[in-house]
Amino acid sequence: PGEALIVDVVALTQRQRKELEVASVAKLQPFARWCRFLRATRKLQGFCRGRACRQALRRKRDATVLLQALFRPILALRRVRAWKASREAALTALEQRKRARAGTSRPNLATWSPGG
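The numbering of the sequence shown is this note's numbering, which starts it at -1 and goes up by one.
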């Protein structure tokens, strides 16, 4: 009976130890996650100077440069189109003003010439 009791106590302490481990891991998980996050941000900011990290940063930079080069003509085209649209709007507004002035009796000084 004494040996069985010892085995039971050992099993109980092992089970308690396991439960304690699980509980402590559950408590520490958010902290570990925060540490991983900090490490990752430090790596991205360039504090980590490991070879693999530098390569990843270089690849990221190259990809960014490539994307910018690809999108540059598209953005330029968009800018030109927006400028043309605003210019068209301004020209139509000018035309409308001219038409409105043409309906009035006073002379249009922009188109008036002394010869007639």
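Glycine included, every Cβ here is placed at the ideal spot set by N, Cα and C. In this text, all values refer to a predicted model and were calculated from it rather than measured experimentally.
- In this structure, DSSP gives T11 a helical state, which the three-state scheme calls helix.
- DSSP places T90 within a helical segment (H, G or I) once states are collapsed to three.
- When DSSP states are grouped into helix, strand and coil, T39 belongs to the helix group.
- Here the alpha carbon of A67 sits roughly 27 Å from the alpha carbon of A38.
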